[in-house]
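Those letters in the sequence shown? Residues 1 to 133, per our numbering, in order. Cβ coordinates follow ideal geometry from the N, Cα and C atoms, glycine included. All of these numbers come straight from a predicted model, not from anything done at the bench.
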Amino acid sequence: MSEDFKTYLDSIKYEKYLKKLKNKLKNKKIIIYGTGSFFKYIKENYDFSGLNIIGISDMKFDEKDEGKDFLGYKMIPKNKIVSYNPDYILVATLKYISIVEDFEVNILNKTKIKVLPLARMPFLKLIKEIWNR
């Protein structure tokens, strides 16, 4: 699996994207959403210094998990994200379209919080994913 992640991240020029992300999000408060194997691989193989990550969230986290440590970050239940007032949420999943859409429509619609993918796929691949939903 990790070789698949490496191949994918190399194909989307992730190192270059991460550098742009760090420049764009400098001094912004960030919550990472998604704690699966894809995020774990990225965390183990790329440098997140320069990103002000205030916590990590996942649908499997609930209120009893809030504040506990997970992979070096504070756990934040999804329903509490807005109360942390991040500037950005970075979605750390391969198939991020529906998650980004859910955040924008159902959770962040009355806030100034923005949501971006932690790893963005090329435009044509993105169109294919949307088309095949």
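Taking the beta strand (DSSP E) that residue 57 falls in, what are its first and last residues?
-> Taking the first residue of the sequence shown as 1, we reach residue 57 at position 57. Counting along the chain, the beta strand (DSSP E) containing residue 57 begins and ends at 52 to 58.
Taking residue 42 as part of the beta strand (DSSP E), name the residues at either end of that continuous run.
-> Position 42 of the sequence shown holds residue 42. Per DSSP, residue 42 belongs to no beta strand (DSSP E); it is in the alpha helix (DSSP H), 37 to 45.
Roughly how many angstroms separate the alpha carbons of residue 28 and residue 77, rounded to a whole number?
-> For the purposes of this step, residue 28 is identified with residue 28 of the sequence shown, where counting begins at 1. For the purposes of this step, residue 77 is identified with residue 77 of the sequence shown, where counting begins at 1. So the alpha carbons of these two residues sit roughly 20 Å apart.
Separation of residue 40 from residue 119, as counted between CA atoms | For this step, residue 119 is matched to residue 119 along the sequence shown. For this step, residue 40 is matched to residue 40 along the sequence shown. The straight-line gap from Cα to Cα measures roughly 13 Å.
Look at the alpha carbon of residue 43 and the alpha carbon of residue 94, and state the distance between them as a whole number of angstroms.
-> If you number the sequence shown from 1, residue 43 lands on position 43. If you number the sequence shown from 1, residue 94 lands on position 94. Taking the straight line from one Cα to the other gives about 14 Å.
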